[in-house]
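See structure below.
In the working numbering, the protein residues as written are 12 to 284.
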């Protein structure tokens, strides 16, 4: 500030060199002093901080959540998506274009996924938002503890609602996929059953006598047979017809029952009437 301006301010504010106490009768109100100083510096009065417009952090969070919902595409009501709360002090310019949410190349949707949100308007910016995903499904668990080698039955299983986004090793929803399977290890009650916990149990041994069955709209036949290999539940094995000696393929349905594949049976019946 020039000496002339300083002298003018001194006269208007009652300020004197070496005098620090301001007499209330001679001093001016503080807001008027601020106005005078502004006029003396650049000619532009500033009564308050420059007003600025910022993008609400909630808009950024909503854009990130909307992207994950579109990616998941679940309308069953079993999916919950929420964004981590951004610092409310975050100052990003108000965007002149709609906010654009995106994923980095190669990103896989997980229980927590980082989503980018950017502004491509006149004052561009970009920020990353962590988004949590919870998918609830009815999955199968154990009703009671079972020991290693136990063959699972329907009475061992119970369905519960669980967050499956954190079940890394898979799960089961259909009891038919587990009944007859063998526990590879001792398992505790309430634990979600994963594929690594079970293995196919041998239901039929090689050389064992079994009952063969063939059924369709034309025929319904049962006969004795001999298993030519070990077989687990729902596994395909070869069986020899005890009466004709013909070898057929069938599906293991129980410890003594093999259901002959209809196509194989038809072919063999046409060949051996």
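For glycine and all other residues, C-beta sits at the position ideal for the given N, C-alpha and C.
#1: Spell out a yes or no on whether the region 105-120 and the region 148-158 are touching, meaning 3 or more CB-CB pairs, one atom from each, closer than 8 Å.
#2: Sort 136, 238, 199 and 83 by Cα distance to residue 214 and report the nearest one.
#3: Can you name, in chain order, every residue of its own chain whose Cβ lies under 7 Å from the Cβ of residue 289, other than the five neighbours on each side?
#4: Rounded to whole angstroms, what's the CA-CA distance from residue 42 to residue 134? Just pull it up for me.
#5: Compare the beta carbon distance of residue 107 and residue 132 with 8 Å and say whether it is the shorter of the two.
#6: Residues in the same chain with beta-carbon distance under 6 Å from residue 31, minus the five sequence neighbours each way, listed in chain order, please.
#7: Could you compute how far the alpha carbon of residue 68 sits from the alpha carbon of residue 80?
#8: Work out the CA separation of residue 150 and residue 241 for me, nearest whole Å.
#9: Which of the three DSSP states is assigned to residue 215 in this structure?
#10: Given residue 175, which residues of its chain have a CB within under 8 Å of its CB, disregarding the five upstream and five downstream residues?
#11: Here's the rule I'm using: 16 or more other beta-carbon atoms within 10 Å means buried, otherwise exposed. How should residue 95 be labelled?
#12: So, residue 173 versus residue 205, is the Cβ gap smaller than 8 Å?
#13: Just to check my reading of the structure: residue 189 and residue 168 have Cβ atoms closer than 8 Å, yes? What is that Cβ distance to the nearest angstrom?
#14: Buried or exposed for residue 200, please, with buried defined as at least 16 other CB atoms from any protein chain shown within 10 angstroms of its CB.
#15: Between the Cα of residue 82 and the Cα atoms of 265, 139, 112 and 137, which residue gives the shortest distance?
#16: Have a look at residue 260 and residue 250 and give me their C-alpha separation to the nearest angstrom.
#17: Check for me: the beta strand (DSSP E) holding residue 125 runs from which residue to which?
#18: To which residues of the same chain is residue 74 closer than 6 Å at the C-beta, ignoring the five residues directly before and after it?
#19: In the structure shown, what three-state DSSP assignment does residue 237 receive?
The answer reads as follows:
#1: no
#2: Reading the chain shown from its first residue, position 203 is the one you call residue 214. Cα-wise, what sits closest to residue 214 is 238.
#3: The structure shown does not extend to residue 289, since the chain is modelled only from 12 to 284, so the question has no answer here.
#4: By 1-based counting over the chain shown, the position of residue 42 is 31. By 1-based counting over the chain shown, the position of residue 134 is 123. Low confidence applies here, because residue 42 scores a pLDDT of 46, under 50, leaving its location unreliable and the question unanswered by this model.
#5: If you number the chain shown from 1, residue 107 lands on position 96. If you number the chain shown from 1, residue 132 lands on position 121. The answer is yes: Cβ separation under 8 Å.
#6: Position 20 of the chain shown, counted from the start, is the residue given in the question as residue 31. Its pLDDT being 44, under 50, residue 31 is placed unreliably by the model, and the measurement read from it follows with that caveat. No residues qualify anywhere along the chain.
#7: To locate residue 68, count along the chain shown from 1; it is residue 57. To locate residue 80, count along the chain shown from 1; it is residue 69. Using only the alpha carbons, I get a separation of about 19 Å.
#8: Taking the first residue of the chain shown as position 1, residue 241 is located at position 230. Taking the first residue of the chain shown as position 1, residue 150 is located at position 139. So the two alpha carbons sit approximately 31 Å from each other.
#9: As a position in the chain shown, residue 215 is number 204, starting the count at 1. Residue 215 falls in the strand class under three-state DSSP.
#10: Mapped onto the chain shown, residue 175 falls at position 164. 146, 147, 148, 150 and 182, listed in sequence order.
#11: Within the chain shown, numbered from 1, the residue matching residue 95 stands at position 84. With fewer than 16 Cβ atoms within 10 Å of its Cβ, residue 95 is classed as exposed.
#12: Position 162 of the chain shown holds residue 173. Position 194 of the chain shown holds residue 205. The answer is no: Cβ separation not under 8 Å.
#13: For the purposes of this step, residue 189 is identified with residue 178 of the chain shown, where counting begins at 1. For the purposes of this step, residue 168 is identified with residue 157 of the chain shown, where counting begins at 1. The Cβ separation is near 6 Å, so the contact holds.
#14: Reading the chain shown from its first residue, position 189 is the one you call residue 200. Exposed: under 16 other Cβ atoms inside 10 Å.
#15: The residue labelled residue 82 in the question sits at position 71 within the chain shown. Of 265, 139, 112 and 137, the residue nearest in Cα terms is 112.
#16: Mapped onto the chain shown, residue 260 falls at position 249. Mapped onto the chain shown, residue 250 falls at position 239. The alpha-carbon atoms of residue 260 and residue 250 are separated by roughly 6 Å.
#17: Residue numbering aside, residue 125 sits at position 114 when the chain shown is read from its first letter. Note, residue 125: beta strand (DSSP E), 123-130.
#18: Mapped onto the chain shown, residue 74 falls at position 63. Contacts found: 110, 112 and 128.
#19: As a first step, residue 237 is located in the chain shown; it is residue number 226 there, counting from the start. The answer is strand: DSSP assigns residue 237 an E or B state.
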